[in-house]
Amino acid sequence: MVVFHVLAAVLSKFYHSLVTLFMLPEPHLSEATNVVIEEAVPLAEDSKDMIDPGMASDEDVPVFSRHISALWDRLRARFRSATRKTIVEVEYDKLLGVKCYEYMCVRYVFDTDVGRFRPVGMGEWTASEMHHRLRTGGLSHEEATLELEETGPNEIRVRVPGIIESLASEFSDVLYILQSIAAWTYIVYTTWNIGIIWLGMTLIAGIYRALFIVRRGQKKIATLAKLETRVQALRSGKWIEIGSHGVVLGDLLKVEEREPLPCDGVVVEGSIIVNESMLTGEPMPIQKFSVDDIEDVEITKKNKAYAGTMCMQSTGPHDGRAILLATGVGALTTKGQLIRMVLSPQSVRFKYTDQLPIIYSMLALYAVLIIILFMTTTSLGSWVVTVLEILSAIAQTMNPMLPVSIVMGQSVAAFRLEQHHQISCLQPGRIPVAGKISTMVFDKTGTITKDGMDFAAVVAVDPSSRTFLSKVQFEPDLPPLDERNKRVISERVPLKMQYGLACCHTVTTLRDGTFVGNHVEVSMLTMTGWSLPKPESSDDIITSPNGEHKLKVLKKLEFDHNRMTSGIVVRDLSTDEVIVVIKGSYERVAALSLPDTLPKDYVEVSEGCASDNFYTLAMATKTLDGSFTDEQITAAKRDSFEFDLSMCGLLLFRNEMKPDSPAAIEALTAGNIRNVMCTGDNVFTGIAIAKECGIIGKGKNGRLLIGDYDEEMDELLWVDTETNEPCCDVEAGVDQLAVTGSAWKYLARNSDELDKLWKDILVFARMKPEDKVNVTKYLQSRKLVVGMCGDGGNDCGALRAAHAGMALSEAEASMVSPFSSGRDGRSLFTVVDMIREGRACLATNIATYSFFIVYAFILTTSRIVGTIIGNQVPGEWFWISQDVLISVIMVWTMTLSGPAAKLGDYRPSGSLLGWRTILMCTVPIITFFLTQIVAFALLWSPSNSEWYSRVNTLDLQVPPQEWAKKGDNYDMPVQVILLLTTLSTHAYVSSYGGAFRRSVLRNWALNVMYIIVNVLLFSLLWVQPGDLSCVFRINCDTGASLETAGLPIIEQYSVGSVGGCFLGPQIHKYQQAVPELSSWSPLPQDDCRPTGPGSDVALQRYPWDSPAISTLGYSGPNNVYPVSFRVVMTVILVFYIMIQHVMFGFGFSGSYWRKLLTRFGAV
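Those letters in the sequence shown? Residues 1 to 1163, by full-length UniProt numbering.
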């Protein structure tokens, strides 16, 4: 059974690599029947060597461990390259006459022109081609049929394996091979009761993980990918209804309201309002506009709509609906890309999971040593028994419960995150990684601050004097019907600026009058009181509150990340003037404006507003000749508008801090975590928010410097924010730095300079989504464990790249992040809770690891010692107690220890080969062996010769089926009690709270189990012979053993060693008394007394009630200890338990460990 399991696992793991060995390579791709795909997947982010200035030196590992790790890395690289091969069968499409295959949800078709397979499902058309297709009646039925054959159905097919396949894949893992070896060895070795439990646990754990975790997650992704709806498509000049799966590239679709879009596309006519919150995290509905029918016009984000987003409103000339041209179908839509990102998450190597195979290799070498000792130093009477003993020793050395306990700890932590903190965790393996985070990267808007912004004030410019007028402030919390803000704008804000506030935006209205658009622009427009046209209106005219001014929209200039501006061109219907309004970052708008329109203190005022925590924009205008026609304006290029502008003034928006953000940042800082901000906002606003929330320390002695890139000088310029004076020297480790986007790009090109400064950079401003990814990856390259927190929108890339990303969103896009939450208004304390749980999980994983290492060494060593001494084996119920009660149930209770209430000032060790972890394992092992030596020395003392004797169990002629009675002696109970005490105590003391977990006293389940085990052990030591003592074969005599037979449940669950005769060492006296009894073994039907030839002589020489047989006056052969030795053993156990509690309570898990390291300069 074990051999079959091993072969099946090997075939499953290396199937594709093995199959390729027997295939003939085809030089011409067009003739291939199968394609071997070897993915060029980027290397996993390696966190096994990650260190930072605040990491304790107990993470250091011995030199020999580093050599072993390097050797393992080379072997693993070779192993991984073999398992990345995937064989895909090539199919032939008879209708199209082409070859194709499907991989990762994407269909690939052979292109004869280039001689390779290419993905299908995306298309590109110019605006003119789109409008031409609409005028000519869309695709013909024949074109649509051929396109459908080539691209396949418009669906994202996520394959969910069947139940049998899921189970086969799960049980092919090497973990289950080890569990199989252990379980079947126990079953064959007559201990079916233990083997059945192990086998049952293996099956339950594997089935649960395969069907209720892995397969359920796959089904969830498949459900997310599924999209079925009915759409109207224009085919051969007629509108026909088809299923969404029948949509093909180039189809023209009529967009219906309250229906999800079936594909990615471009709006050709009309406009739509879509809710993209579940896809991009954008909280506000967004309007999509039709692309102009102009040659070479740029198709922008405002023209594109995405599959899966919900259409809230559709307006256009075709039955009142907008028209969308399909540019992406199936897995090559934006939603399909998201699904594929979820299916292939960024892999992360972590210390202990990376080192676990190394530990198993070391344990395997230790198992080889045990095998050699068994074969050379023991005589078990049969080679079959020897083989079974060796297999049992292997199972106990390489305990399969070790990796199970690690997964168990992560699963319990994931459950706590979900139930106690409302944090969803899609990758439980990332939880302990979060516990090692040393640097957190935060987005600003929607993360540290609230999502929305209030329109707070304007600072207009007086063009005649080139000065700023006094600030006009608004009251953001007025009731909807309050007219005060509208009156302030109409009376105190210049008319051109009112025009800009009313029209320079992308806001639109739903049919119920609700404004839809960017929150900043909605806030701005609401304040003005101007009204937008009705959705069905053909004229795009914006009207002032009193109807005196009307502006006709001629051309909208959408926001451009590179330009950092947006704008609009309108015609004033009262004067027929054409007015251009440009709005954007104050730096960029100033660069586009005429110098003589800028106030002299423009920079100082702008930067001052940003420093006062205002989101600061600038607005500028210019007036064109009214002779320009609407068509000429529409056809004009954007560059023809954005120059020689006249500055109007500044727009100030208040980005309010989340109330708990400062406290969360403070908690992270106290936890020795470095926090940085990575925002798309300007550097002054970023600094203001960073100061307010505590990312920038207020009490530090160094300067706060802003770094910006001077393009002409090609160097980085630093300015002191206090004096506003330039400075050329940056004092590393003292100054606090903030850099702009251009400065970051300069530093990225000059790595030597960046390597000197990165530790002091706290604010990264004007960062685009790809810049956030680059910052995250750079910090990772510094050997840091990096966390990222964002709102799940444009920072999805950074969330995915980080070791542990927290998306403060419930959108579908947040699935690329291992953690997500929308708790308490998307509180920043979710990051604190994630790290607290991560540290607790990591500490628990190390604790359970140390338990099984201690288990492996003390159990196998004690077993070989017992075998050498006299072929002694612990009783059956010892194995049941330690394999079930302690190794399963008690270890499970260890994982229930919750996180500490606050973050400690250091991180837990994550290395299995680090000195601290090594000491956590070796100290209990050494103290156990020292205690055992003392106990046996006292047991074997000449003063105990009156009652103590030892006989090799082979000489006792113990029947094979009574193997568990090889522990019916005085030696084995001492070993059994010490083993159970050591294991239970280590499970308890390694769960001390320390800096990462709450007090062990609050883990009631573990306390109950510890009390039960200790009560059991001391009861066994002190009770008189009876049912309890004879079940465990400790302090038992023949009379009590005979009465124990037939105990309900115990008898049925036992393999036969409960009850019957007690095979104590005294039996050997009868066997030696006369030659006829040399092979005699006592039987219950004979009251366990000698019978047959020579029995009378033996009984005369050693009467049954003599001290030689009924030692210490107990009934027949026994292993009952005198009171004096029980006292000695009690003192030894109490002393051992106290030593363990002191070492762990005040040492490994307590504050004295840190103080000791500090004293020797290690921390």
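Ideal Cβ positions, reconstructed from N, Cα and C, are used throughout, including at glycine.
Treat the numbers as computed from the prediction; the structure is a model and nothing was measured.
Pick from D824, I221 and L717: whose alpha carbon is nearest that of residue 1210?
-> In the structure displayed, the chain extends from 1 to 1163; residue 1210 sits before or after that span and is not available.
7 angstroms Cβ shell around S429 - same chain, five flanking residues per side excluded | A small correction: the amino acid at residue 429 is Gly; Ser does not occupy that position in the sequence shown. Only Q410 meet the Cβ criterion.
Separation of E418 from D735, as counted between CA atoms | 40 angstroms
Would you tell me roughly how many angstroms separate the C-alpha atoms of Q1066 and T1091, rounded to the nearest one?
-> 16 angstroms
Kindly identify the DSSP beta-bridge partner or partners of K556.
-> I568
List the DSSP bridge partners of K238.
-> R235
Within 10 angstroms of the Cβ of S538, are there 16 or more other Cβ atoms? Answer buried if so, exposed if not.
-> exposed
Per DSSP, what kind of secondary structure is P1103 in: helix, strand or coil?
-> coil
What is the rounded straight-line gap between the Cα of K745 and the Cα of L737?
-> 15 angstroms
Give me the Cα-Cα distance between S47 and G435, rounded to the nearest whole angstrom.
-> Here the model assigns S47 a pLDDT of 47, short of 50, so the residue's position is not dependable and the matter cannot be decided.
Which of the three DSSP states, helix, strand or coil, is assigned to N750?
-> coil
Residue environment, I1049, which counts as buried when at least 16 other CB atoms sit within 10 Å | exposed
Whole angstroms is fine: what's the gap from S991's alpha carbon to S984's?
-> 11 angstroms
Neighbourhood of F1144 by C-beta distance below 6 angstroms, restricted to the same chain and skipping five residues each side | V989 and Y992
Enumerate in chain order the residues of its own chain whose CB-to-CB distance from N1007 is below 7 angstroms, with the five nearest sequence positions on each side excluded.
-> L1001
Rounded C-beta distance between E149 and D93? I'm assuming under 8 angstroms.
-> 6 angstroms
Reference G513; option with closest CA among M497, H505, Q498 and S531 = S531
Would you call the segment 718-729 and the segment 690-702 in contact, with 3 or more CB pairs under 8 angstroms?
-> no
Assumed close pair M834, M806 - CB separation to whole angstroms, cut-off 8 angstroms = 6 angstroms
If we ignore side chains and look at the alpha-carbon of each, how far apart do T449 and A690 end up?
-> 10 angstroms
Could you check where the beta strand (DSSP E) with M619 kicks off and where it finishes?
-> F614 to L624
Taking the C-alpha atoms as reference points, what is the distance between A144 and D251?
-> 8 angstroms
Bridge-paired residues (DSSP) for M310 = P260 and N275
Alpha-carbon spacing of M713 relative to V605, whole angstroms | 26 angstroms
Does the distance from the CB of K966 to the CB of Q882 come in under 8 angstroms?
-> no
DSSP three-state assignment for S1004, whether helix, strand or coil | In the sequence as displayed, the identity of residue 1004 is Trp instead of Ser. Here W1004 sits in helix by DSSP.
Helix, strand or coil: which one does DSSP assign to S1019?
-> helix
In the DSSP assignment, what residue or residues form a beta bridge with residue 1249?
-> There is simply no residue 1249 to check, as the chain begins at 1 and stops at 1163 in what is shown.
Which value, in whole angstroms, describes the spacing of the CA atoms of G1147 and T927?
-> 15 angstroms
Endpoints, the alpha helix (DSSP H) within which A286 is located = According to the sequence displayed, residue 286 carries Ile and not Ala. Per DSSP, I286 belongs to no alpha helix (DSSP H); it is in the beta strand (DSSP E), I286 to F289.
So residue 1226 and P262 are in contact, right, with Cβ under 8 angstroms, and what is the actual spacing, rounded?
-> The structure shown has nothing for residue 1226, since the chain only spans 1 to 1163.
Just checking my contact of R836 with N672 at CB under 8 angstroms: how many whole Å lie between their CB atoms?
-> R836 to N672, Cβ: 13 angstroms. No contact.
Which of the three DSSP states, helix, strand or coil, is assigned to P53?
-> Low local confidence applies: a pLDDT of 37 at P53 is under 50, so the model's placement there is unreliable, with the coordinate-based value given in what follows. Coil, per DSSP.
Identify the residues that DSSP records as bridge partners of residue 1166: which are they?
-> Examination of residue 1166 is not possible in this model, given that the chain is present from 1 through 1163 alone.
Same chain, Cβ closer than 8 angstroms to Y499, five either side skipped, listed in chain order | H549, L551, V570, D572, I579, V581 and T621
CB-CB under 7 angstroms to Y176, same chain, minus the five flanking residues each way: which ones, in chain order?
-> T202 and G206
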